[in-house]
Amino acid sequence: MTTLATIVYLTVATAFFGMTLAEGVTRRLPWSFDRIMGLLLSCLWPLILIAIAVSSHRDRRNAG
9 MTTLATIVYL TVATAFFGMT LAEGVTRRLP WSFDRIMGLL LSCLWPLILI
59 AIAVSSHRDR RNAG
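When the letters of the sequence shown are read in order and numbered with my numbering, they come out as residues 9 to 72.
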């Protein structure tokens with residue numbers, strides 16, 4: 009299960025990283041701090057989604 013979750017996470021993160029990178033290339037944006045942070049955050053946001061899902065699952069299990 010952990011391997012599947014890792015594969016799904018990496019697939020989503022790679023897709024969003026690629027789209028963010030392509031947007032910068034298409035618009036000919038300079039390599040600024042904001043662009044680098046945007047690329048970094050495009051890889052990290054799925055972790056927040058996973059944390060919310062795990063927290064929600066634990067709350068439901070503890071509620072009843």
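Here a beta-carbon is modelled for each residue, glycine too, at the ideal position from N, C-alpha and C.
DSSP-derived helix/strand/coil call for residue i
| i | result |
| --- | --- |
| Ser50 | helix |
| Arg36 | coil |
Close Cβ partners of residue i (< 8 Å) along its chain, the five nearest in sequence each way excluded
| i | result |
| --- | --- |
| Leu29 | Leu47 |
Contacts around residue i, its chain only, beta-carbon distance under 6 Å, and the 5 residues preceding and following it disregarded
| i | result |
| --- | --- |
| Gly32 | Arg43 |
Burial state of residue i, where buried means 16 or more other Cβ atoms lie within 10 Å
| i | result |
| --- | --- |
| Ser50 | buried |
Neighbourhood of residue i by C-beta distance below 7 Å, restricted to the same chain and skipping five residues each side
| i | result |
| --- | --- |
| Ala59 | none |
Exercise for the section: Evaluate contact between the stretch 50-69 and the stretch 33-40, counting only Cβ atoms and requiring at least three cross-stretch pairs below 8 Å. Expected result: The answer is no - the stretch 33-40 does not touch the stretch 50-69, with fewer than three Cβ pairs under 8 Å.
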